[in-house]
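Enquirer:
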Amino acid sequence: MSITNKIRKSLLRREVIFGSWIQIGPYPALAEILANAGYDWIGIDCEHSDIDVEGFTSLARGMYGRGAIPFARVRENDTLAIRQILDAGAQGVIIPLVNTAAEARKAVAAAKYPPQGVRGFCFSRMNNYGLNFDEYAQNANDNIAVVIMIESKEAVSNIDEILEVDGVDGVFIGPYDMSGSYGLVGQIDHEVIRDACRVVVDACDRHHKSVGLHLVHPTPESIAQTLADGFTFIAIGVDMVFLNQASSLALADAKAAASRSVSHGSNSPLKTLQGV
Ligand code: 3PY
Ligand code: MG
Numbered sequence: 002m003s004i005t006n007k008i009r010k011s012l013l014r015r016e017v018i019f020g021s022w023i024q025i026g027p028y029p030a031l032a033e034i035l036a037n038a039g040y041d042w043i044g045i046d047c048e049h050s051d052i053d054v055e056g057f058t059s060l061a062r063g064m065y066g067r068g069a070i071p072f073a074r075v076r077e078n079d080t081l082a083i084r085q086i087l088d089a090g091a092q093g094v095i096i097p098l099v100n101t102a103a104e105a106r107k108a109v110a111a112a113k114y115p116p117q118g119v120r121g122f123c124f125s126r127m128n129n130y131g132l133n134f135d136e137y138a139q140n141a142n143d144n145i146a147v148v149i150m151i152e153s154k155e156a157v158s159n160i161d162e163i164l165e166v167d168g169v170d171g172v173f174i175g176p177y178d179m180s181g182s183y184g185l186v187g188q189i190d191h192e193v194i195r196d197a198c199r200v201v202v203d204a205c206d207r208h209h210k211s212v213g214l215h216l217v218h219p220t221p222e223s224i225a226q227t228l229a230d231g232f233t234f235i236a237i238g239v240d241m242v243f244l245n246q247a248s249s250l251a252l253a254d255a256k257a258a259a260s261r262s263v264s265h266g267s268n269s270p271l272k273t274l275q276g277v
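Note that my numbering has the sequence shown beginning at 2, numbered continuously upward.
#1: Quick check: the Cα distance between residue 51 and residue 85, rounded to an integer number of angstroms?
#2: If you measure between the beta carbons of residue 62 and residue 88, is that distance less than 8 Å?
#3: Consult DSSP for residue 211 and reduce its assignment to one of helix, strand or coil.
#4: Roughly how far, in whole angstroms, is the beta-carbon of residue 40 from the beta-carbon of residue 19, given that I think they are within contact range, below 8 Å?
#5: From the DSSP output, which residues share a beta bridge with residue 71?
#6: Taking one C-beta from the segment 185-193 and one from the segment 131-139 each time, how about it: are there three or more such pairs within less than 8 Å?
#7: What number of angstroms, rounded off, separates the C-alpha of residue 9 from the C-alpha of residue 257?
#8: How would you label residue 277, buried or exposed, when you count the other beta carbons within 10 angstroms and need 16 or more for buried?
#9: For residue 74, does the count of other Cβ atoms within 10 angstroms reach 16, so buried, or fall short, so exposed?
#10: When the distance is taken between beta carbons, is residue 147 closer than 8 Å to residue 109?
#11: Would DSSP call residue 19 helix, strand or coil?
#12: Helix, strand or coil: which one does DSSP assign to residue 277?
#13: Would you identify the three-state DSSP class for residue 1, choosing helix, strand or coil?
#14: Considering only C-alpha positions, which residue in the set 164, 161, 159, 114 is nearest to residue 141?
#15: At the level of alpha carbons, what is the spacing between residue 209 and residue 173?
#16: Between the alpha carbons of residue 32 and residue 102, how many angstroms are there, rounded?
#17: Between which two residues does the beta strand (DSSP E) containing residue 36 stretch?
#18: Given that a residue counts as buried once 16 or more other Cβ atoms are within 10 Å of its Cβ, and exposed if not, what is residue 5?
#19: Using the DSSP secondary-structure output, state which residues sit across from residue 91 in a beta bridge.
#20: Can at least three beta-carbon pairs, one atom from the segment 198-213 and one from the segment 115-125, be found at a separation below 8 Å?
#21: Sorted by chain position, which residues of the same chain lie with C-beta nearer than 8 Å to residue 123's C-beta, five sequence neighbours on each side aside?
#22: Could you tell me if the beta carbon of residue 215 falls within a distance shorter than 7 Å of some heavy atom in the ligand 3PY?
#23: Our contact map puts residue 240 next to residue 23 with C-beta atoms below 8 Å; I'd like the distance itself, whole angstroms only.
#24: Who are residue 146's beta bridge partners in DSSP?
Structure follows, in structure tokens:
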């Protein structure tokens, strides 16, 4: 497994990178399908799913050789959760609900080997079960991406201190938790939430850090707006939204076609099927 992480380089250069999310579960076909679509990175969500370290590994194997870089959103800002997911081969960690600089420092320390951090050395999947121990140990700190999620009012008010933490490669806004923390649950387009996002984008600009956003329901307009707003680390949708949208749309198309053919009488699908 190569340790050179082009996504961390892009984060540091603040280049536009598109990813997506897997949340349904630890089924490698999901990773294969999304990776085949060509996303630069895929976030495997261990926070809001039943995907554990073993499930992450199955998904990362599904991506392997298909070009997408496996990121993991860990279940919480926990040193062992970060260590185990990196040992399983995550090349980036996304840490949910970070509200203070101290919490950001804790996340970075968990993701870095000494002397920068407290990550423990071992043989595991990330270093080819020990075969590439030296190469991985020497290069991991420069290649593992650490992305902090900003998704609360408290985090917005501490944004400058959080961005000053060495090793935070970028931040990622969780719009739904953000809306909840302002008492506007689900109103992700509310002016107050847009203003909070603007504060984060402006701070990232001042600190030369990448800023990301999860477009849970992406549309051509929302993607264009997100780019115009200055976001570069952009998550397009999530597996369950894709499935919801595509399956509803296909059924709606089928029903519309059926009603058209029924109204044309003899070409009704039922008659065709029955060979009448
Ligand atoms: C949120 O909207 O809170 C998220 O975490 C989306 O990924
Ligand atoms: Mg969230």
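All C-beta atoms, glycine included, are put in the ideal place defined by N, C-alpha and C. For clarity, every value in this text was computed on a predicted model and none was experimentally measured.
Expert: Reading off the structure:
#1: 16 Å
#2: no
#3: strand
#4: 6 Å
#5: 43
#6: no
#7: 46 Å
#8: Confidence at residue 277 is low in this model, with a pLDDT of 44, below 50, so the placement of that residue is unreliable and no value is reported for it.
#9: buried
#10: yes
#11: strand
#12: Because residue 277 sits at a pLDDT of 44, beneath the cut-off of 50, its placement in the model cannot be relied upon, and the following sentence gives the value as read from the coordinates. It is coil, neither helix nor strand.
#13: Since the first and last residues shown for the chain are 2 and 277, residue 1 lies out of range.
#14: 114
#15: 14 Å
#16: 33 Å
#17: Residue 36 -> not in any beta strand (DSSP E); alpha helix (DSSP H) instead, spanning 29-38.
#18: exposed
#19: The partner list for residue 91 (beta bridge, DSSP) is empty, contrary to what the question assumes.
#20: no
#21: 88
#22: yes
#23: 5 Å
#24: 93
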